[in-house]
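A short write-up of the structure that comes next.
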Amino acid sequence: MSEPFYSQVLKGHTRPVRAVSFSPDGRLVATASTDKSVRIWVAATGSHVRTISGHKADVTCVSFSRDGRHVATSSFDRTARLWKTGTGECLKVLKDKGILWSADFGDNRLLTSSSDKTSKLWDVPSSECVQTLRGHTNVVYSARLSTDGRLVASASRDETAKIWNLASGACIRTLSGHGGTVTAVAFSPDGRLVATACADQTAKIWSVGSGACIRTLTGHHKAVNSVDFSPDGRLITTAADDRTVRVWDVNMGECGGTWRGHEGGVCGASFSPHGRLVASASDDKTAMIWDANDFTVGVVTPDEWRAAFVVKSKSLGSEIIDLEAAVDLCNELFRGRVPRETVKSTLVRNDRGGTEMIGEQEFNMTMKKLKQLSMNN
């Protein structure tokens, strides 16, 4: 795999960039900074469109409305604000008692997270807080709405994430298992999974239905600050204080690659709506736009597979691998129907007529390539 590269560097902020967000059509990128401003950029060229100013302290988050006509921001000045994307005009100011750490736009609703240990749902037209979610015992750093708007996920300094039912306002799941502040949270597009980022240098993937931890993503060397699903739900991107952005396979829990280029900790990373780009925000005062196509898995030919691998069978001994059978086996693993160790013990390398067990690193690469083959067949 070639070294990933960035297509644009967005320069202009005078202090760290804390958050980044794509417009719904993928044409614009918004960045939020501790310099108290938000900047709008053209994603394809990196050109600066406008600067939005008005907050009296650090801007912690930025989010586009579903139609892209507005952006919402949260700030240390204890307000969330609604702005017109096309002009930068401030339309609404929502006042809170605590420092606001995140803002997530729904349909005429805005979800914020606060230092007062709560998440709040605001009715945008009236500027009124219509629901307060209480249950965390420390600062809530991140809160996100599910795609269908029925659930909320929140992440807190109390080392847990929670899932809430908006209709009842009740906490239906508490996700425990991290060993530090949970810094960010995200729903998968289908709402079945939640991903969390943590200061313990890991990210985790959880089942919304059961609250069970399905995967732990390890590889970062410092606190993980953000997590985001790709639009098709197959990938996750994470950003960390180790100055890297990583992309992970959701089903395998494997790191598909690492982007390096920032000169400071990476505070946030987000997929574009079409999934072809990732934007990242950093303490180095810049944002970067990366080509997500760098993480496509290389395809091997059927003949190469047949020459290199065999399937170990109790009744037949060892036989040259059948590509179709291998893809079927791979799909069963991805669906959780076959244990990982069963697949690993079944897949054997053919070495000059003999056979030997496949190594861990080779097994991981084999699964990635088989997954690509399964998508192409």
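For the sequence shown, my numbering assigns the number 129 to the initial residue and increments by one for each residue that follows. Backbone N, C-alpha and C fix where the C-beta goes; we use that ideal spot for every residue, glycine too.
Where does Asn353 land, buried or exposed, given buried means 16+ other C-beta within 10 angstroms? buried
Starting from Asn353, follow the beta strand (DSSP E) in both directions and report where the run begins and ends. Val352 to Phe357
Where Leu321 falls, given that 16 or more other Cβ within 10 Å makes a residue buried: buried
Are there three or more Cβ pairs, one per stretch, closer than 8 Å when the region 217-235 is compared with the region 178-189? yes
Integer Cβ distance of Val313 from Ala289, believed to fall under 8 Å: 5 Å
Beta bridge counterpart(s) of Glu256 as assigned by DSSP: Asp251
Taking only the alpha-carbon atoms, compute the straight-line gap between Val137 and Phe399 and give it to the nearest angstrom. 16 Å
Under DSSP, the beta strand (DSSP E) around Met416 begins and ends at which residues? Thr414 to Asp419
With Asp328 and Gly307 assumed to form a contact (beta carbons below 8 Å), what rounded beta-carbon distance in angstroms separates them? 4 Å
Contact under 8 Å by Cβ, Ala397 with Val373: yes
To the nearest angstrom, report how far apart Ser338 and Thr302 are at their CA atoms. 10 Å
Could you please give the first and the last residue of the uninterrupted beta strand (DSSP E) stretch that includes Val406? Leu405 to Ser410
Once DSSP output is grouped into helix, strand and coil, what is the label at Lys245? coil
Enumerate in chain order the residues of its own chain whose CB-to-CB distance from Arg155 is below 8 Å, with the five nearest sequence positions on each side excluded. Val170, Ala171 and Ala172
Exposed or buried, Thr429, counting other C-beta atoms within 10 Å across all chains shown (16 or more means buried)? Reliability fails at Thr429, whose pLDDT of 45 lies under 50, so the model's placement of it is uncertain and the value that follows must be treated cautiously. Label assigned to Thr429: exposed.
Using the Cα positions of Asp318 and Ala368, report the straight-line distance between them to the nearest angstrom. 25 Å
In this structure, what does DSSP give as the bridge partners for Thr386? Arg374
May I ask which residues mark the beginning and end of the beta strand (DSSP E) holding Phe150? Val145 to Phe150
Kindly indicate which residue of Trp418, Ser165 and Ser193 has the alpha-carbon position closest to the one of Lys184. Ser165
Using DSSP with H/G/I as helix, E/B as strand and the rest coil, what is Asp431? In this prediction, Asp431 scores a pLDDT of 48, lower than 50, which makes its location untrustworthy; no coordinate-derived value is stated.
Across which residues does DSSP place Val267 in a beta bridge pair? DSSP output for Val267 lists no bridge partner at all.
Distance, Cα to Cα, Ser274 vs Ala160? 22 Å
Within 10 Å of its beta-carbon, does Lys245 have 16 or more other beta-carbons around it, so buried, or fewer, so exposed? buried
Find the nearest neighbour of Gly196 within the set Arg362, Gly174 and Ser149, judged by alpha-carbon distance. Ser149
Give every residue of the same chain whose Cβ lies closer than 7 Å to the Cβ of Asp412, excluding the five residues on either side of it in the sequence, and list them in chain order. His390, Glu391 and Gly392
Pair within 8 Å by beta-carbon distance, Trp334 and Cys341: yes
Applying the 10 Å Cβ sphere with the 16-neighbour rule, what's the burial state of Gly214? exposed
What residue range is occupied by the uninterrupted beta strand (DSSP E) comprising Asn293? Thr288 to Asn293
Threshold first: 3 residues or longer. Then list the beta strand (DSSP E) segments lying entirely within the region 284-341, N to C. 288-293, 298-304, 310-315, 321-326 and 330-335
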